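J.:
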Amino acid sequence: MKFTHLDNDGEAYMVDVTAKTPTVREATAVGKVTASPTVMQALRDGTVPKGDVLAVARIAGISAAKRVPDLLPLAHTIGVHGAAVDLSLEEDHVAITATVRTADRTGVEMEALTAVTVAALAIVDMVKGVDRSAAIEDCKIIAKSGGRSGDWKRPVD
Numbered sequence: 625m626k627f628t629h630l631d632n633d634g635e636a637y638m639v640d641v642t643a644k645t646p647t648v649r650e651a652t653a654v655g656k657v658t659a660s661p662t663v664m665q666a667l668r669d670g671t672v673p674k675g676d677v678l679a680v681a682r683i684a685g686i687s688a689a690k691r692v693p694d695l696l697p698l699a700h701t702i703g704v705h706g707a708a709v710d711l712s713l714e715e716d717h718v719a720i721t722a723t724v725r726t727a728d729r730t731g732v733e734m735e736a737l738t739a740v741t742v743a744a745l746a747i748v749d750m751v752k753g754v755d756r757s758a759a760i761e762d763c764k765i766i767a768k769s770g771g772r773s774g775d776w777k778r779p780v781d
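Residues 625 to 781 in my numbering are what the sequence shown lists, from first letter to last.
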């Protein structure tokens, strides 16, 4: 298997995408934050002392999607033309879904995954004063479209 980010000497480099034609691309990632019944009730009641957890997590995720090249050294700086972070309160966890879109030369999978993980980090940060047992779980890309490799969907578990 040839790694795209390693040269013939095994040294890391940023892949040159200059000659690629920009195309519309989209990626969706999911994850969750599991939490105690006490935390879940505080989220439902809006009584977490640090404030509106879901609003902060949503904005944190969207902001993070635009900062991927600052975090991942070989990631390209691309235009994030659309980013949505959806959060839902389930029985024992907060479900997080992020969808990112661009019209650029490379995909937005890392942007979607970063949006999910940073939204999850924001949730854990805001609820740790209520209960330190909150945990980030099951972060993964579930779909991507566009680009040379075409569309892909993760098989259902």
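For every residue, glycine included, the Cβ atom is placed at its ideal position computed from N, Cα and C.
Here the structure is a predicted model, which means the values were calculated and not measured.
1. Using a 10 Å radius around the Cβ and a threshold of 16 neighbouring Cβ atoms, would you call Thr701 buried or exposed?
2. Taking Arg682 as part of the alpha helix (DSSP H), name the residues at either end of that continuous run.
3. When DSSP labels each residue in this structure, what does Thr642 get in the three-state scheme?
4. Cα-Cα, which of Asp775, Val677, Thr730, Arg778 is closest to Asp640?
5. Roughly how many angstroms lie between the CA atoms of Thr723 and Val648, to the nearest whole one?
6. For Asp749 versus Pro661, is the C-beta distance shorter than 9 Å?
7. Mapping the DSSP letters down to three states, classify Ile766 as helix, strand or coil.
8. Per DSSP, which residues does Ser712 bridge with? Please list them.
9. With burial defined as no fewer than 16 other Cβ atoms inside 10 Å of the residue's Cβ, what is the status of Ala636: buried or exposed?
10. Going by DSSP, what residue range makes up the beta strand (DSSP E) through Ala636?
T.: Based on what the coordinates show:
1. exposed
2. 677–689
3. coil
4. Asp640 has its Cα closest to that of Thr730, out of Asp775, Val677, Thr730, Arg778.
5. 13 Å
6. no
7. strand
8. Ala719
9. exposed
10. Segment: none, Ala636 is in no beta strand (DSSP E) and carries neither H nor E.
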